[in-house]
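Below you'll find the structure, written out as structure tokens, and then a few comments.
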Amino acid sequence: MMMLDFLRTVNVTRYISPLREGGSLPALVDADDDFKYVLKFRGAGHGVKALISEFLGGEIARMLGFKVPELVFIHLDEDFGRSEADEEIQDLLRASHGLNLGLHFLSGAITFDPVVTKVDEETASKIVWLDAFITNIDRTFRNTNMLIWKKELWLIDHGASFYFHHTWDNWEKTASSNFVYVKDHVLLPQASKMDEADTFCRSKLSEEKIHQLVDSIPDVWLNWEDLDATPDEIREVYKQFLTIRLNHSANFVNEAKTARNVLI
1 MMMLDFLRTV NVTRYISPLR EGGSLPALVD ADDDFKYVLK FRGAGHGVKA
51 LISEFLGGEI ARMLGFKVPE LVFIHLDEDF GRSEADEEIQ DLLRASHGLN
101 LGLHFLSGAI TFDPVVTKVD EETASKIVWL DAFITNIDRT FRNTNMLIWK
151 KELWLIDHGA SFYFHHTWDN WEKTASSNFV YVKDHVLLPQ ASKMDEADTF
201 CRSKLSEEKI HQLVDSIPDV WLNWEDLDAT PDEIREVYKQ FLTIRLNHSA
251 NFVNEAKTAR NVLI
């Protein structure tokens with residue numbers, strides 16, 4: 001399948017430094033468009049599946065109107081890694097030649113602190129809806145994965161979404177699940193408008209938009225050694241997963257409401 005032009009493609013020109021906050025060891029890099037990016041490596045952790053989660057989760061968040069750093073497909077030349085002194089980083093660079101994913105670097109951004117910054121109930125409910133929809137288990141008090149930049153809230157790091165694809169078993173069951181992990185969401189205490197959020201978010205998403213997004217996943221990220229399926233067959237599962245999830249949003253909305261009632 002021909003990849004749609006959903007994101008720009010840039011090339012890494014300079015590796016600046018590792019960002020050691022996460023286990024996947026992302027890095028700050030310069031690209032040939034003269035911008036800095038946080039580079040997520042295909043050779044790290046969960047590999048291309050984490051990049052797919054980051055891509056789908058980030059762009060769905062953008063469809064819902066949230067501020068998300070621009071995502072780009074970012075190419076890493078095979079020359080990178082040869083002169084790196086740190087063996088761990090050298091191995092990571094060598095394993096990531098080719099197409100990776102980058103997030104525009106928000107210089108001066110600070111980590112969202114729920115004690116310092118209060119999010120209104122409408123916004124909180126929409127973010128909880130988003131994370132329940134994409135099954136994102138990683139927006140907790142321990143790791144909020146949100147930034148404050150220029151006095152506005154930005155969503156980052158959706159690589160822990162779509163966890164079903166790490167096993168690929170019973171994905172249909174996960175697609176219609178309640179998403180019990182919503183009980184740990186950092187914004188759940190403020191999410192008192194889940195029904196309104198459901199109406200809004202469902203109005204912003206459609207089967208057509210979902211299909212266009214999934215069709216933009218690069219073929220090179222869909223050649224999985226642990227699964228006997230073609231890229232188009234894998235795309236079809238993502239399309240069905242998201243469509244089923246959207247049609248069964250009442251399941252995770254009710255789960256969020258129940259979990260919030262227990263919490264407060």
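So that you can map any letter, position 75 of the sequence shown is 75 in full-length UniProt numbering, and since no number is skipped, the others follow by simple counting.
For every residue, glycine included, the Cβ atom is placed at its ideal position computed from N, Cα and C.
Got a sec: does the ligand ADP put a non-hydrogen atom nearer than 7 Å to the Cβ of residue i?
i, result
"Ile-137", "The model depicted lacks the ligand ADP and carries no ligand whatsoever."
When the cut-off is 8 Å and only beta carbons count, does residue i lie next to chain D?
i, result
"Ile-110", "Of the protein chains in this structure there is only one, and it is not chain D."
Tell whether a beta-carbon distance below 8 Å holds between residue i and residue j.
i, j, result
"His-104", "Tyr-37", "yes"
"Leu-147", "Phe-112", "yes"
"Asn-217", "Arg-245", "First, the amino acid is wrong: residue 217 is Ile here, not Asn. No, the pair does not count as a contact, with Cβ atoms beyond the cut-off."
"Val-186", "Ala-259", "no"
"Leu-25", "Ile-16", "no"
"Val-68", "Leu-7", "no"
"Leu-51", "Val-12", "no"
"Glu-255", "Phe-179", "yes"
"Leu-64", "Lys-126", "yes"
"Asn-213", "Glu-59", "Correcting the residue type first, residue 213 is Leu in the shown sequence and not Asn. The answer is yes: Cβ separation under 8 Å."
"Leu-92", "Trp-149", "no"
Could you tell me the distance, in whole angstroms, from the CA atom of residue i to the CA atom of residue j?
i, j, result
"Asn-251", "Asn-170", "17 Å"
"Leu-188", "Glu-78", "44 Å"
"Glu-122", "Phe-55", "25 Å"
"Val-10", "Ala-44", "20 Å"
"Trp-168", "Phe-162", "10 Å"
"Asp-184", "Pro-18", "29 Å"
"Ser-206", "Asp-86", "46 Å"
"Lys-209", "Phe-200", "15 Å"
"Phe-73", "Phe-141", "30 Å"
"Asp-34", "Phe-241", "37 Å"
"Asn-143", "Asp-131", "14 Å"
"Asp-120", "Asn-261", "18 Å"
"residue 342", "Val-48", "The requested residue 342 does not occur in the structure, where the chain is confined to residues 1 to 264."
"Asp-30", "Gly-102", "10 Å"
"Glu-225", "Lys-118", "44 Å"
"Ser-176", "Arg-62", "23 Å"
Applying the criterion that 16 or more other CB atoms from any shown protein chain within 10 Å of the CB defines a buried residue, is residue i buried or exposed?
i, result
"Trp-129", "buried"
"Asn-100", "buried"
"Ser-203", "exposed"
"His-158", "buried"
"Met-1", "Because the pLDDT of Met-1 is 41, which lies under 50, any placement of that residue in the model is unreliable, and the number read from its coordinates should be weighed accordingly. Label assigned to Met-1: exposed."
"Thr-230", "exposed"
"Arg-14", "exposed"
"Asn-136", "buried"
Using alpha carbons as the reference points, say which of the options lies closest to residue i.
i, options, result
"Thr-174", "Lys-183, Phe-164, Val-180, Leu-246", "Phe-164"
"Pro-114", "Phe-55, Asp-232, Asn-145", "Asn-145"
"Lys-151", "Leu-7, Ala-124, Ala-109", "Ala-109"
"Leu-76", "Arg-139, Gln-90, Asp-215, Asp-228", "Gln-90"
"Phe-66", "Val-237, Glu-208, Ala-197", "Ala-197"
"Leu-263", "His-211, Ala-191, Val-237", "Ala-191"
"Asn-223", "Asp-33, Asp-34, Arg-42, Phe-35", "Arg-42"
"Glu-233", "His-248, Asp-215, Ser-249", "Asp-215"
Next on the checklist: Ignoring anything shorter than 3 residues, give me the beta strand (DSSP E) runs that lie fully in the region 18–70, in order along the chain.
Outcome noted: Runs of the beta strand (DSSP E) lying entirely within the region 18–70 and spanning at least 3 residues, in chain order: 27–31, 36–40.
Item to check | 4 or more residues per run - each alpha helix (DSSP H) lying fully within the region 196–251 | outcome: Fully enclosed alpha helix (DSSP H) runs of 4 or longer: 207–215, 231–247.
Next on the checklist: So within the region 142–205, which uninterrupted alpha helix (DSSP H) runs reach at least 4 residues, ignoring any that extend past its ends?
Outcome noted: 171–175, 194–204
Checklist entry - Enumerated in chain order, which unbroken segments of the beta strand (DSSP E) with a length of 3 residues or greater are wholly contained in the region 87–122? => result Secondary structure within the region 87–122: the beta strand (DSSP E) runs of 3 or more consecutive residues, fully enclosed, are 98–104 (chain order).
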